[in-house]
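Down below is the structure, laid out as structure tokens.
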Amino acid sequence: MKKFTYLAALMLFSVTVNAQKSILFKFRYLPAHTYKSNIKMDMDMHMDMKNDSSAAGNSPVSQPVDMKMDALTAVEIKTGALKQNKTFPFTMTHGDVHSVMVMNGKETPTPKNPMVGKSIYGQCTADGKLHIDSMSFKGMPEQFKAVMTEMMNKAQGQIKFPEKPLAIGQTFTQEIPFSMPAGGIKIDMKIKTIYKLIAVKDNLAYFDTDMSLGFDLDSEKNGTKITGKGTGKGTGKLTFSLVKSYPVAMASNFTMQYTMNVKTMSIAANMKMVSDVKNNISTNLK
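Numbered per mature numbering (1 follows the signal peptide of the UniProt record, and there is no 0), the sequence shown spans residues -19 to -1, 1 to 267.
So, in structure tokens, the structure goes:
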């Protein structure tokens, strides 16, 4: 009897340990909470633009461009009390924006962001997803609607965990749409990110990230052919709260190289982007 009890206890301990090693992650918003995000983005880019006008009897003209841009954005999402139908309201407010752009060593003034202080409203469903109330945009310009909608989609679509539990050492892959203006057109591509769970401690899960992208463009705009190629890669870190079901910190370093050709104009660029996101999550206590 004692032997059976010992074996049963050992099996129970083994099951418990294995269960602790695998975690089912869910990204969601909780009722009666405030989510304050500070998003820091730094970009350094060197671009060589060359206009080969030799066909018209002119000498080729080269123009190097060095651009540095730093931006710090604050966003707040505040959720209300849970209703009987398992939904709850939310308010998203675009906070301060501090940005500096330096072009070839000269600082370029940046206009005041019209989104600062603006808010949108909506409901959060039982699965923790945000849905905007269309009345939030009544009387507002289309630009505001587009920016705030994109911001909300990014806020809740930044991480899509698999529907199965993850153990330490396991990975999952996500592809996120990314757009970049170049040559007078918008280049649409996807950033592929591989997340690897490396540790779980004190109700926080730690991930390493590995990112990559590539594009091969052959397009036409207003009768003008545009071609280009580009690649990018980077690494990063993610810290996810198991209690709040929300990331508390995300950081990444990303480099990209691309070339573009439009008529007699050719562009070769190297870009480095560094991002750092800090999220403070608190309960709305009365």
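The beta-carbon is built from N, C-alpha and C at its ideal position, and this holds for glycine as well. Keep in mind it's a predicted model, so treat the numbers as computed, not measured.
Coarse secondary structure for V56, derived from DSSP in three states | strand
What is the DSSP secondary structure of K99, reduced to helix, strand or coil?
-> coil
Can you tell which of D183, P95, K210 has the C-alpha that lies nearest to the C-alpha of F196?
-> K210
So, is L178 buried or exposed, given that buried needs 16 or more other C-beta atoms within 10 angstroms?
-> buried
For the beta strand (DSSP E) that contains I113, what are its first and last residues?
-> 111 to 113
Can you round the beta-carbon distance between R9 and S226 to whole angstroms, since I take them to be within the 8 Å contact cut?
-> 5 Å
Determine, using beta carbons only, whether K206 and V243 come nearer to each other than 9 Å.
-> yes
If we ignore side chains and look at the alpha-carbon of each, how far apart do I20 and I248 end up?
-> 30 Å
Quick one: measure Cβ to Cβ for F153 and Y176, integer angstroms, because I've assumed they're closer than 8 Å.
-> 5 Å
Given a threshold of 16 other Cβ atoms within 10 Å of its Cβ, counted over all protein chains shown, does V56 qualify as buried or as exposed?
-> buried
So what does M24 bridge to, in DSSP terms?
-> M50, M254
How long is the line joining the alpha carbons of L11 and N203, rounded to whole angstroms?
-> 48 Å
What are the partner residues of I262, as DSSP defines its beta bridges?
-> Y16
So D189 is in the beta strand (DSSP E); what residue range does that whole segment cover?
-> 185 to 202
Leaving aside the five residues before and after L(-13) along the sequence, list all residues of the same chain whose C-beta is less than 7 Å from its C-beta, in chain order.
-> Model confidence at L(-13) stands at a pLDDT of 38, short of 50, so the residue's coordinates are unreliable; what they give is reported in the following sentence. Nothing meets the Cβ criterion.
DSSP state of E144, grouped into three classes?
-> coil
Cβ-based neighbour list, L(-8), same chain, cut-off 6 Å, excluding 5 preceding and 5 following | For L(-8), the pLDDT reaches just 37, beneath the cut-off of 50, and the residue's location in the model is therefore unreliable, leaving the point undetermined.
Reduced DSSP category for K244 - H, G, I as helix; E, B as strand; rest coil = coil
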